[in-house]
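Engineer: Please find one structure pasted underneath; my questions will follow.
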Amino acid sequence: VDTLRDLLRSVACPADSSVTSCEVSFVNALTKSLSIGNSRRLSVSRLLSSEILSLSYVFDIDVDCSAAGCNVASISEALQNAAAQDLNAALQSGQFMDRLGAGTGNATAIISGEVTLDDSTCDNSQTTGGSTSGTVLSSEVSSVWYPSWGGEDKCTNKPGMPQYMRGNSHYHSSALSACCKKHFHWDVSGCVVASGGDVAKSGTEEWYINWGVFRCHQSCIKSSSQDPSLNCGGIADGSDVLFTSVEECCTTMVPWIAKHICVGESSPPYQATGTGKWYVSYFNQKCIKDCLVEESPSCGGVNTESGVEMFASSQACCSTRLWWVGQEDCT
Numbered sequence: 215v216d217t218l219r220d221l222l223r224s225v226a227c228p229a230d231s232s233v234t235s236c237e238v239s240f241v242n243a244l245t246k247s248l249s250i251g252n253s254r255r256l257s258v259s260r261l262l263s264s265e266i267l268s269l270s271y272v273f274d275i276d277v278d279c280s281a282a283g284c285n286v287a288s289i290s291e292a293l294q295n296a297a298a299q300d301l302n303a304a305l306q307s308g309q310f311m312d313r314l315g316a317g318t319g320n321a322t323a324i325i326s327g328e329v330t331l332d333d334s335t336c337d338n339s340q341t342t343g344g345s346t347s348g349t350v351l352s353s354e355v356s357s358v359w360y361p362s363w364g365g366e367d368k369c370t371n372k373p374g375m376p377q378y379m380r381g382n383s384h385y386h387s388s389a390l391s392a393c394c395k396k397h398f399h400w401d402v403s404g405c406v407v408a409s410g411g412d413v414a415k416s417g418t419e420e421w422y423i424n425w426g427v428f429r430c431h432q433s434c435i436k437s438s439s440q441d442p443s444l445n446c447g448g449i450a451d452g453s454d455v456l457f458t459s460v461e462e463c464c465t466t467m468v469p470w471i472a473k474h475i476c477v478g479e480s481s482p483p484y485q486a487t488g489t490g491k492w493y494v495s496y497f498n499q500k501c502i503k504d505c506l507v508e509e510s511p512s513c514g515g516v517n518t519e520s521g522v523e524m525f526a527s528s529q530a531c532c533s534t535r536l537w538w539v540g541q542e543d544c545t
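For what it's worth, our numbering labels the leading residue of the sequence shown as 215, then goes sequentially.
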């Protein structure tokens with residue numbers, strides 16, 4: 215750790231006459247175990263294990279200011295950007311790991327993965343007396359979300375995206391919830407919370423088809439604080455076709471199912487009650503009302519098929535479809 219601290223200081227501390235001191239300290243160290251393989255089949259495949267080590271550090275820099283004072287935000291941003299550029303350049307060239315290995319007796323030989331620079335911090339700069347001191351941090355964010363490995367299962371849109379992620383769109387998401395579903399699908403809600411998001415506000419609430427039940431759900435995450443009128447089925451995948459209304463989703467994706475059935479069973483209270491109109495049952499040689507059988511003796515059950523002709527009255531149904539049957543026997 216002492217070698218790494220000295221290396222960070224020598225690489226990233228600015229060589230400027232106005233900087234009176236620059237110190238590095240570690241504030242957190244996290245490890246995350248990863249497993250590759252199937253533990254139930256150890257007889258035929260060895261269980262491979264590894265760990266990601268994540269070290270969080272801060273730079274404490276004292277800067278002499280002129281009598282007119284300092285622009286703390288500008289100085290902090292400039293120092294942050296310069297330190298990030300110098301560290302990334304040293305990592306990409308291999309110089310950083312070479313020097314770290316030399317200072318630790320080649321202890322870095324056990325590291326098999328990529329070493330990257332990540333930023334998950336916020337602005338903490340402050341002015342004291344005639345100098346500026348504080349941690350060189352940044353609170354700028356972008357519209358691109360990416361996974362933040364090494365600690366909690368979370369995503370971030372702050373500066374410091376690892377180099378290997380920058381040129382690979384697999385790691386890029388336009389929304390926090392989409393990033394969590396792609397990379398931490400086993401606990402999307404936990405990822406959203408750990409990333410500073412609000413579960414109740416995650417997702418677009420647009421509609422998509424759930425082929426498991428042939429009904430439409432909304433792109434959002436269920437939670438106790440969620441609007442009870444929503445039918446959240448989880449965040450939609452990139453392959454899902456999205457619709458602004460449940461009616462459009464039903465008629466487009468499952469046109470063979472009666473629209474009122476799909477719509478009724480896709481929205482709370484998830485029960486189709488029928489249209490109240492009349493349709494013919496050729497098997498029974500009667501016209502029956504499209505409603506729940508327990509509602510009235512004339513109700514023959516809710517029609518579930520698409521394309522069934524509906525009539526406003528029993529007389530219209532009987533005279534059009536069962537004209538050879540008397541009105542009393544038709545209903």
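C-beta atoms are modelled at their ideal positions from N, C-alpha and C, and glycine is treated no differently.
For Asp300, which of Cys405, Pro361 and Ala226 has the nearest alpha-carbon?
Structural biologist: When only C-alpha atoms are compared, the closest one is Ala226.
Engineer: Buried or exposed for Val427, going by 16 or more other Cβ atoms inside 10 Å?
Structural biologist: Exposed.
Engineer: Curious, which full-length beta strand (DSSP E) runs of at least 3 residues does the segment 473 to 538 contain?
Structural biologist: Entirely contained in the segment 473 to 538, the beta strand (DSSP E) runs reaching 3 residues are, in chain order, 492 to 495 and 500 to 503.
Engineer: According to DSSP, is Ser235 part of a helix, a strand, or is it coil?
Structural biologist: Strand, per DSSP.
Engineer: Relative to the alpha-carbon of Pro382, which residue among Asp274, Gly521 and Tyr360 has its alpha-carbon at the smallest distance?
Structural biologist: Correcting the residue type first, residue 382 is Asn in the shown sequence and not Pro. It is Tyr360.
Engineer: Looking at C-alpha atoms only, which residue of Val507, Glu542 and Cys501 is the closest neighbour of Met524?
Structural biologist: Taking only the C-alpha atoms, the option nearest Met524 is Cys501.
Engineer: What does the Cβ neighbour count give for Ser257, buried or exposed, with the cut at 16 atoms within 10 Å?
Structural biologist: A caution first: Ser257 carries a pLDDT of 32, below 50, which makes its placement in the model too unreliable to give a value.
Engineer: Using the Cα positions of Thr545 and Ser512, report the straight-line distance between them to the nearest angstrom.
Structural biologist: About 7 Å.
Engineer: Exposed or buried, Val460, counting other C-beta atoms within 10 Å across all chains shown (16 or more means buried)?
Structural biologist: Looking at its Cβ environment, which holds 16 or more other Cβ atoms inside 10 Å, Val460 is buried.
Engineer: Does the segment 447 to 455 come into contact with the segment 399 to 419, if we say contact requires no fewer than three beta-carbon pairs (one atom in each stretch) closer than 8 Å?
Structural biologist: The segment 447 to 455, when compared against the segment 399 to 419, does touch it at the 8 Å Cβ threshold.
Engineer: Taking just the CA atoms, how far does Val468 sit from Phe273?
Structural biologist: One C-alpha to the other measures close to 58 Å.
Engineer: Please report the straight-line C-alpha distance between Arg380 and Pro373, rounded to a whole angstrom.
Structural biologist: So the alpha carbons of these two residues sit roughly 11 Å apart.
Engineer: Nearest to Gly188 by CA position, among Phe497, Ser528, Tyr493 and Ala297, is which residue?
Structural biologist: Only positions 215 to 545 of the chain appear in the structure, and residue 188 is not among them; the question remains open.
Engineer: With a floor of 4 residues, list each alpha helix (DSSP H) that falls wholly inside the segment 448 to 476, ordered by position along the chain.
Structural biologist: For the segment 448 to 476, whole alpha helix (DSSP H) runs of length 4 or above, ordered along the chain, are 460 to 467.
Engineer: So, does the segment 525 to 542 touch the segment 480 to 489, judging by three or more C-beta pairs under 8 Å?
Structural biologist: No, the segment 525 to 542 is not in contact with the segment 480 to 489.
Engineer: Note down the Cα distance separating Asn445 from Asn295, rounded to an integer number of angstroms.
Structural biologist: C-alpha separation (whole angstroms): 44 Å.
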